[in-house]
Each structure stands twice: as C-alpha cells, then as structure tokens.
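Q: These protein sequence lines are chains P and U, in that order. Counting in our numbering, the first sequence runs from 1 upward without gaps. Counting in our numbering, the second sequence runs from 1001 upward without gaps. Shown below is the structure under consideration.
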Amino acid sequence: MFYRENGQFKTSYASDAQIFPIRQDRWFMLALLLVAFVGVPLAGSDYLLRALLVPFLILALAALGLNVLVGWCGQISLGTGAFMAVGAYAAFNLMTRLPGMPLLLALLLAGLVAAVVGLVFGLPSLRIRGLYLAVATLAAQFFADWVFAHVPWLTHDAASGSVTAPRLQVLGLAIDSPVRKYLFCLAILCVIALLVKNLVRGRKGREWMATRDMDVAASVIGISPVRAKLSAFAVSSFITGIAGALWAFVHLGSWEPAAFNIDLSLKLLFMIIIGGLGTVMGSLFGAAFIVLLPIFLNRLPGLLGLQVSTSLVSHLEFMTFGVLIVLFLIAEPHGMARLWMTAKNKLRLWPFPH
Amino acid sequence: MNLRNALLGMTVAVMLVGALAAPAVQAADKEQFFPVLVYRTGPYGPNGVPWANGYVDYLKMINARDGGVGGVKLTWEECETAYATDRGVECYERLKGKGPTGATVVQPLSTGVTFALTEKAPKDKIPLITAGYGRSESADGAVFKWNFPMLGTYWTAADIIMQTIIKREGGADKLKGKTIALVYHDSPYGKEPIAMLEMRAKLHGFKFVKLPVTHPGVEQKATWLQVRRERPDYVLLWGWGVMNATALKEAVATAYPLDRMYGVWWSGAEPDVKDVGTAAKGYNALAMQYGAGIGKVQQDILKYVYDRNQGTGARELVGQVLYNRGLYSAMLAVEGVRRAQEQYGKKPMTGEQVRWGLENLNLNDAALKRLGIEGQLRPLRTTCEDHMGSSWARLQTWDGSKWVMQDIWYEADMQIIKPMVRDAATKYAKEHNIPARDCAKEMTSGS
Chain P
1 MFYRENGQFK TSYASDAQIF PIRQDRWFML ALLLVAFVGV PLAGSDYLLR
51 ALLVPFLILA LAALGLNVLV GWCGQISLGT GAFMAVGAYA AFNLMTRLPG
101 MPLLLALLLA GLVAAVVGLV FGLPSLRIRG LYLAVATLAA QFFADWVFAH
151 VPWLTHDAAS GSVTAPRLQV LGLAIDSPVR KYLFCLAILC VIALLVKNLV
201 RGRKGREWMA TRDMDVAASV IGISPVRAKL SAFAVSSFIT GIAGALWAFV
251 HLGSWEPAAF NIDLSLKLLF MIIIGGLGTV MGSLFGAAFI VLLPIFLNRL
301 PGLLGLQVST SLVSHLEFMT FGVLIVLFLI AEPHGMARLW MTAKNKLRLW
351 PFPH
Chain U
1001 MNLRNALLGM TVAVMLVGAL AAPAVQAADK EQFFPVLVYR TGPYGPNGVP
1051 WANGYVDYLK MINARDGGVG GVKLTWEECE TAYATDRGVE CYERLKGKGP
1101 TGATVVQPLS TGVTFALTEK APKDKIPLIT AGYGRSESAD GAVFKWNFPM
1151 LGTYWTAADI IMQTIIKREG GADKLKGKTI ALVYHDSPYG KEPIAMLEMR
1201 AKLHGFKFVK LPVTHPGVEQ KATWLQVRRE RPDYVLLWGW GVMNATALKE
1251 AVATAYPLDR MYGVWWSGAE PDVKDVGTAA KGYNALAMQY GAGIGKVQQD
1301 ILKYVYDRNQ GTGARELVGQ VLYNRGLYSA MLAVEGVRRA QEQYGKKPMT
1351 GEQVRWGLEN LNLNDAALKR LGIEGQLRPL RTTCEDHMGS SWARLQTWDG
1401 SKWVMQDIWY EADMQIIKPM VRDAATKYAK EHNIPARDCA KEMTSGS
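Laid out in structure tokens, this is it:
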C-alpha cells in the first residue's frame, strides 16, 4: 500500500540507472542516513557509540571489503586479517615516520599498500580455485602474523611488539570523543559503500560476477579472468586495509599483531556468509550479528535482573550464538540480506498479494 | 519467510539495539563501584578463575567484616574478557561509568588489554592497577600518571631471575659464553622481559635466545626442538594458561633438566604443574613475594564469606597462589580508596581521588598487620616518581607435589632498571606529547 512504485515513471536513462529506483527507498535511505548522522550522535550514550557502534562500523567496512572478493568475485579468502594488519601497520608507519602526514591521506596510502599486498597474494587465484585458494590465502594470514611480530622495523622497535596510534585529527579536528570517532567511521563507511555499490553495478562488477558464476564462460565472452580476479583482490584489500587502519587507530588505540589473527579473518568470513554474499546490506547485517549479538547475549541475564555467574553467562553466550548461526543458515541460506529483500518484495504487494 | 515473520524479526532487532543501548541502572549514593575484568573461560580460564575469585572474595569480605570502606559499601560487576583485547575494551567501556562516582580502578589482568587501556584511562580519569604485569616503564609515575604496576613488573621479574641464576653460578663473570633461552608467550606479555634480558646479555656476555610460542601455546614442538638443538644452560619460561603446563610437558619430553628452568610468577601456580605432577620436580618459579597459604586475611575470608555460603568459588581454592594474587590486587585497590578517603573525606571516591590515594600509599608493617597480610607481603610505598612501590620476590621450587618456598628475598637491581624505565618512559612521553609532571611540586602524603 505504502511501498509501491505505481506512477513513478522512468523517463530518462539516468533515472532508470539510479541506485534506488523506487522513491520510497530513497526516502527511507535518506531518513536512515539522517538518523545515523544526526539522531544517533545526539541520543546515543558514550557506551553505545564507543563500544558498540564504532567496532560495528569498522568491521562492517572490513566485511564489505571481503564481500567484494568473496561475494561478488567468488574467490574465497581467509587472509582478511592479514590485509587489515597490513593497512594498520602501513598507516602507523606512515603517520609516525612522516611527521605532518594527514590522517586521511595516510588511510588512503595504507589502503594502497594493502592493495599491493593483496595483489601479490591474489596471484595464486589465477591457478587455483575454491578451497585450495582459501588455503593459499591462509598463507597470507600466517605470513602477516609472523612479519609484524618479528620485524622490529615495522613496529619501531617497540619493546613488547605493541604499538600505539598517534593522535588523530582531520582538518584540525581531533578525533578523540566517542561522537567524533563514530562520525568519522560512519562517513568513511558511507563513502566506500557508495563506491562499492557503483563499482558492482558497473562494468567491473559484471566482470567479477561473470567470473564468479563461471570463469570459463566469462573468458569466452571476452572477460580477462586475470584482470577480473586481480582487480577484485586489489579493491578488496584496499577496503580491508583502510578498515584495518581504522580498527587499530580508532577502536583499539594500541595493538599487537594478535589483534589481526586468524580469528578475525574467520569472523569476517562468517559475517558475510550470515549477512549475505554479494550485497552491501549483507555486510552491515552480518557485522551487526557477529559484533553486537554476543555482547547482547552476554548482557541479557544482567538486563533481566538474573544473578548468573560470569563463566556461565559466557558459556551460554557461546552456545546461544552457535545455535543462532545454525538456525539462521537453515532458515535463510542466502543470508540476512535475502530476508531484507523478501520483506521488501512482500511489502510491495501488501496487503493484496496475488 | 512471510511478511509477519520479517516484521517480527525487525521488531526483535530494534528491541535488541534498544536493550543494548539502555543506560546502566543508577546505584545508591554511598557506594564505591569496582569493575572486575576477568576471564573465567577459554585457554587462560584455569588461571583466570582463581585470580577472579580472590579479587571478588576480598571485596565481599570487606563489606561483610567492615561494612565497606569508611562506611561506603563496595559494589562490583564482573565482565568476561576471555583475555581478548577487543572484548576487554568493550568491558571497560561498559563498566567505566557505573556507580555514583564511576569506576574506581581497572585491573584487566592482561598485558594486551593494559596497553589498550593505558591510552584510554587518562582521558576517563580512571587509575589502572597492574599488580605484577603490564607495561614495565609505567612504573615511572611522572609520565604514566594513571598506571600503577605495583609489586613488580616484568623487568623486575627478569632481573630477579637473573640474580638467582648469577647466585647459582657463583658470580656474574661465570655467565660469559653461556646460553640462556626465553620461551615466551608471543604477545606483549611475553615480550616485555626481552628488553631487560638483552640488556643483561650485553652486560654479562651470555648468548640470549628468543623462542616465541604462539597463542594459546598448546603447540610447542618446534620450540622445544630448538631447545634440544641449542642446549641452553638455562630456560626462562614466560607462559600463561595452558602454555605453562604444555611447556613443562615438552621440557620433560625433551629431557631438559627442569631445575635449570625458571618461570615468571605467572608460570608458578597450581594449574601449571598439576598435570605434570612429579615429572616437573625441580622446576623453579618466581613467587610474587608469597605463594600459596592461609594467613589472617584468608581466614577472615573463610569466616565472613565462605562460612556464610557466599564464596565465589570452591572453599579449597582459597589460599592458592593465583587466588592470593587476586586478593592482593583487590587489597591494593581498596587501600587506594582508604588512603583517598583520609584526604578527601568518607564518601565515595572518584577515579581522580583514588589515583591520589594510590600514589600516596604507604603500607608499612603496622598497615600490613591491620590488613592481615603480615608475613605475606613486605612494606610497599608509592610516590609520584615510583608507582611500583616495591619489587620483592622469592623463588619457589616444585618438589613433585607442592611448591617449596626459599627463604631468600630478592629485590630488583634498581641501578639497572631505573635508567631503563626512565628512557622508555621519556620516549613514550615524547611520542605522545605528555608534559612531564614535576613531582617535587605535587601534593604528597603527610607521613
């Protein structure tokens, strides 16, 4: 009744090719952005912004990066943590070794460094596929773990291998309060999400998807698998690199290589599988599921006023979380983004389904 | 999946976010809130549990025996960090604003979390006590205003182990040409002593071999293969959780003489040797002044907490090594509050006031007697320059069924450690633009 495109005619190519062809979607998106940029900072507590939303936004960005590679181009990667680490340490070295380096430029360059490393570790994808590729990218993970723990130059000879982010500021504005950190991450996520959305709608995205669906057929119709796969690796690593730098600088503040270990890579892979492969929304849903749900489960007994021991709570948290993952995958194997699409499609017909 | 289910899902999601964002319940006025960051699960759980029990039991006992501190009831809430830095940061953010005056002190029992919180605590004005762990250079209170690595750091621990080895060899000159290996947890925790040992290696001319073990430390075959190859004269163990027991098992399998193995005080508790039992006979470990045992304070805990069926863990665990260490950690925090109350009045203290209390702590013999820990801890006194207070430690040896404590008390060689702390702290201050405090001008204690 309300969500219907009747009477919205597309009279130009531009209006036909826009991201949200339905007017209600555009309004919804605008309202969502308004809430995210204005409402949440005004109403949210420091805890909500700092401890929940900032990690959520950064990991959503990393998941989006991984989704480019896995969701759109079909190349399974277990090395996301490594590319995040590359971004984090690249940004750290750029900021501390080159005084006066602006934060945004450092993030951009860190992303580029990660992209180059991603390209190198993407080379095996030209020869191997599927699970074998996953194992090859695992090498990137272990390599990064080792390099950042054992090459003191990268950490400025820090005595314990733990490094600390420099002071952050953008255009003279210090990124120090929870609200500013939140807005900074949100802005970056929005810009990159828009970029990715346009990339995957365009020629490059079609190349990726063709390669994902059948690479032999793709090469027959003139798509170079080399370029498609390597560009996916580069773009994906670029985004995860930026996310890694944000994770280190904005969220942790001080970190050691273990912050980017295999656990993080697996977590990100779960995020996009549960959220939805090959969708922007799915990356956000998945990140929310993996980041926020465990904390919610952990706090639930306390919020209900139950006195339960800490160890029991965290065991319950693990069990419930595991069960929920399985349930979700059974109920909707295509991820939470598919639920969102289904809901939208039903809404278009509601209340008169045919 | 029909529309109703989808809508239901969305409603649940909205409620979930709402519940998460709900502010903490406001507590009554006369309360002092202690966040308790613990890990009772995961590979470090066996060591985290006794520490957490000791910590919470001490707070319970103070409430039951004394009715709190100066009439102010102590409250606390546990938060599981699982020894992970990101969860630790979340716990900190979750608990820092609770209670009428916010969090009193934070004690994360993890060097990785300590590093992360060292950046945050000054902004939130919450002191950070890291009794026997954390950043070694944070002993310099002029730079690290909010850090309190009381009772010792990893540099003092490494220094004391080297002292015991020198003593055993019969002189520092005997170390020349010898090989000493460090088997360490590959994390900030395990890497902390390296700077100190490299310095000592240069000083005495021994060969220093670093053998990292990756988290969680159940796989050490490669490490001990290297031990077999290098045949070091001594092996220092810097492990935590399952890594300790595994290292001892591997040492036995490699036929490395266990009496030439020295563990830090986090590698010398019951869970570490329990599985190896008699095979680990002769293994040495530091004790942070006191090992396992029941003194007056533990008896009070049994009487006021366990006899009333309010104990946090099993009664038999009271008095274990890590239990006692958790207890001391809580004691230091409570004494910080007490000292602050002497200065600012008997009301709930803010983090800033407790920081002053911790910096002007003077636990002399009379105070130790009042606390019921005489014979367990030695006097401790903090100042603006020295946030560590004391660095006493003893050596204990596993005889196959129990820890046997040696009677010699060691103190770290401050002539070596002071300049190192100074250098590292100055470097940190420069990197972070921290203006140096002039300790001479700061308000000091009357005693």
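Cβ atoms here follow ideal geometry from the backbone N, Cα and C, with glycine treated the same way. Keep in mind the model is a prediction, meaning the values are calculated, not measured.
Within the region 1310–1346 of chain U, note down every full alpha helix (DSSP H) run reaching 4 residues or more, in order along the chain.
A: 1321–1344
Q: Bridge partners of U/H1185, per DSSP?
A: Taking the first residue of the second sequence as 1, we reach residue 1185 of chain U at position 185. U/H1185 is bridged to U/V1213.
Q: Helix, strand or coil for U/A1024, going by three-state DSSP, please let me know.
A: Counting from one through the second sequence, the residue named residue 1024 of chain U turns up at place 24. Residue placement at U/A1024 cannot be trusted, given a pLDDT of 47 that sits under 50; the coordinates are not used to answer.
Q: Do you know whose CA, among P/L329, P/K344, P/R299, P/A331, lies nearest U/E1077's CA?
A: Mapped onto the second sequence, residue 1077 of chain U falls at position 77. Looking at the Cα atoms, P/R299 is the closest of the given residues.
Q: For the region 1040–1065 of chain U, list every residue whose C-beta sits within 8 angstroms of some C-beta in chain P, in sequence order.
A: R1040, T1041, G1045, V1049, A1052
Q: Roughly how far, in whole angstroms, is the beta-carbon of U/V1056 from the beta-carbon of U/V1334, given that I think they are within contact range, below 8 angstroms?
A: In the second sequence, counting from the first residue as 1, residue 1056 of chain U sits at position 56. In the second sequence, counting from the first residue as 1, residue 1334 of chain U sits at position 334. Actually they do not touch by this definition, with Cβ atoms about 12 angstroms apart.
Q: Helix, strand or coil for U/D1140, going by three-state DSSP, please let me know.
A: On the second sequence, position 140 is the one that residue 1140 of chain U refers to. Reduced to three states, the DSSP call for U/D1140 is strand.
Q: Leaving out five residues before and five after U/I1165 in sequence, what residues of the same chain have Cβ atoms less than 8 angstroms from its Cβ?
A: By 1-based counting over the second sequence, the position of residue 1165 of chain U is 165. So the qualifying residues of the chain are L1175, I1180, Y1234, Y1262.
Q: What does the alpha-carbon distance come out to for the pair P/L94 and P/A110?
A: Locating residue 94 of chain P in the first sequence gives position 94, where the first residue counts as 1. Locating residue 110 of chain P in the first sequence gives position 110, where the first residue counts as 1. Taking the straight line from one Cα to the other gives about 8 angstroms.
Q: Along the chain, where does the beta strand (DSSP E) containing U/N1360 start, and where does it finish?
A: For the purposes of this step, residue 1360 of chain U is taken as the residue at position 360 of the second sequence. No beta strand (DSSP E) contains U/N1360, which DSSP labels as neither H nor E.
Q: Give the straight-line distance between the Cα atoms of U/V1273 and U/L1322, rounded to the nearest whole angstrom.
A: The residue given as residue 1273 of chain U occupies position 273 in the second sequence. The residue given as residue 1322 of chain U occupies position 322 in the second sequence. Their Cα atoms are separated by approximately 13 angstroms.
Q: Do U/R1338 and U/P1127 have their CB atoms nearer than 9 angstroms?
A: Against the second sequence, residue 1338 of chain U aligns to sequence position 338. Against the second sequence, residue 1127 of chain U aligns to sequence position 127. Taking 9 angstroms as the Cβ cut-off, U/R1338 and U/P1127 do not qualify as a contacting pair.
Q: Going by DSSP in three states, P/S177 sits in which element: helix, strand or coil?
A: The residue you call residue 177 of chain P lines up with position 177 of the first sequence. Coil at P/S177, not helix or strand.
Q: Short of 6 angstroms in beta carbon distance, which residues of its chain neighbour U/Y1154, apart from the five on each side in sequence? Order them along the chain.
A: Here residue 1154 of chain U refers to the residue found at position 154 of the second sequence. Same-chain partners within the cutoff: S1136, E1192, P1193.
Q: In chain order, what residues of the same chain have a beta carbon less than 8 angstroms from the beta carbon of U/A1064, not counting five sequence neighbours either side?
A: In the second sequence, residue 1064 of chain U corresponds to position 64, counting from 1. Once the five neighbours on either side are set aside, the close Cβ partners of U/A1064 are Y1304, V1305, R1308, Q1310.
Q: Candidates P/R180, P/R212, P/V117: which alpha carbon is nearest P/V70's?
A: Here residue 70 of chain P is taken as the residue at index 70 of the first sequence, counted from 1. Of the listed residues, the one whose Cα sits closest to P/V70 is P/R212.
Q: Give, in chain order, every residue of the region 1103–1128 of chain U whose Cβ lies closer than 8 angstroms to some Cβ of chain P.
A: T1111, G1112, F1115, A1116, T1118, E1119, K1120, K1123
Q: Measuring CB atoms only, is the region 66–81 of chain P touching the region 263–271 of chain P, in the sense that at least three cross pairs come out at less than 8 angstroms?
A: yes
Q: Could you give the first and the last residue of the continuous beta strand (DSSP E) run that contains U/M1288?
A: In the second sequence, counting from the first residue as 1, residue 1288 of chain U sits at position 288. No beta strand (DSSP E) contains U/M1288, which DSSP labels as neither H nor E.
Q: Assuming the contact rule is C-beta atoms closer than 8 angstroms, P/V196 and P/V86 should be a hit. Round their C-beta distance to whole Å, please.
A: Taking the first residue of the first sequence as 1, we reach residue 196 of chain P at position 196. Taking the first residue of the first sequence as 1, we reach residue 86 of chain P at position 86. Contact between P/V196 and P/V86 fails: their C-beta atoms lie close to 20 angstroms from each other, not under 8 angstroms.
Q: Could you check where the beta strand (DSSP E) with P/V313 kicks off and where it finishes?
A: Counting from 1 along the first sequence, the entry for residue 313 of chain P is found at position 313. No beta strand (DSSP E) holds P/V313; the alpha helix (DSSP H) holding it covers 310–331.
Q: For chain P, is any of its Cβ atoms less than 9 angstroms away from the one on U/Q1026?
A: Residue 1026 of chain U sits at position 26 when you count from the first residue of the second sequence. Bear in mind that a pLDDT of 47 at U/Q1026, under 50, signals an unreliable position, so the number given afterwards is only what the model happens to contain. False, the Cβ-Cβ gap to chain P never drops below 9 angstroms.
Q: Counting only beta-carbon separations shorter than 9 angstroms, does U/V1305 have a partner in chain P?
A: On the second sequence, residue 1305 of chain U is found 305 positions in, with the first residue counted as 1. No, its Cβ sits nowhere closer than 9 angstroms to a Cβ of chain P.
Q: For U/E1219, does the count of other Cβ atoms within 10 angstroms reach 16, so buried, or fall short, so exposed?
A: In the second sequence, residue 1219 of chain U corresponds to position 219, counting from 1. U/E1219 comes out exposed.
Q: For the region 246–270 of chain P, which residues have a beta carbon sitting closer than 8 angstroms to at least one beta carbon of chain U?
A: Cβ proximity to chain U below 8 angstroms picks out H251, L252, G253, S254, W255, E256, A258, A259, N261 from the region 246–270 of chain P.
Q: Interface residues of chain P around U/D1186 at Cβ under 7 angstroms?
A: As a first step, residue 1186 of chain U must be located in the second sequence, where it is residue number 186. In chain order: A149.
Q: Run through chain U and tell me which residues come within less than 7 angstroms of P/R50, C-beta to C-beta.
A: Here residue 50 of chain P is taken as the residue at index 50 of the first sequence, counted from 1. Close partners of P/R50 in chain U (Cβ separation under 7 angstroms): E1093.
Q: Should P/L277 and P/G335 be called a contact, given that it needs their Cβ atoms to be closer than 9 angstroms?
A: Residue 277 of chain P sits at position 277 when you count from the first residue of the first sequence. Residue 335 of chain P sits at position 335 when you count from the first residue of the first sequence. The answer is yes: Cβ separation under 9 angstroms.
Q: Quick one: what's got a C-beta closer than 8 angstroms to U/I1408's C-beta in the same chain, skipping five residues either side?
A: Translated into positions along the second sequence, residue 1408 of chain U becomes position 408. Same-chain partners within the cutoff: R1394, L1395.
Q: Looking only at DSSP bridge pairs, what is U/K1145 linked to?
A: Mapped onto the second sequence, residue 1145 of chain U falls at position 145. Per DSSP, none; premise fails for U/K1145.
Q: Run through chain P and tell me which residues come within less than 9 angstroms of U/P1259, C-beta to C-beta.
A: Along the second sequence, read from residue 1 onward, the residue named residue 1259 of chain U stands at position 259. Looking at the sequence provided, one finds Asp at residue 1259 of chain U rather than Pro. Near U/D1259 there are no residues of chain P at all, since even the closest Cβ is about 29 angstroms away, more than 9 angstroms.
Q: When the cut-off is 9 angstroms and only beta carbons count, does U/R1229 lie next to chain P?
A: Against the second sequence, residue 1229 of chain U aligns to sequence position 229. It does not: the Cβ of U/R1229 has no partner Cβ on chain P nearer than 9 angstroms.
Q: Please report the Cβ distance between U/S1091 and U/T1104, rounded to the nearest whole angstrom; I am assuming they are in contact, meaning their Cβ atoms lie under 8 angstroms.
A: Here residue 1091 of chain U is taken as the residue at index 91 of the second sequence, counted from 1. Here residue 1104 of chain U is taken as the residue at index 104 of the second sequence, counted from 1. Reading off the sequence shown, one finds Cys at residue 1091 of chain U, where the question assumed Ser. Contact doesn't hold; Cβ gap of about 15 angstroms is too wide.
Q: Going by DSSP, what residues sit across from U/C1079 in a beta bridge?
A: Position 79 of the second sequence, counting from 1, holds the residue named residue 1079 of chain U. DSSP output for U/C1079 lists U/L1037 as bridge partner(s).
Q: Contact between the region 1039–1047 of chain U and the region 1225–1244 of chain U: three or more CB pairs below 8 angstroms?
A: yes
Q: For U/L1380, does the three-state DSSP call read helix, strand or coil?
A: For this step, residue 1380 of chain U is matched to residue 380 along the second sequence. In the displayed model, U/L1380 falls within a strand according to three-state DSSP.
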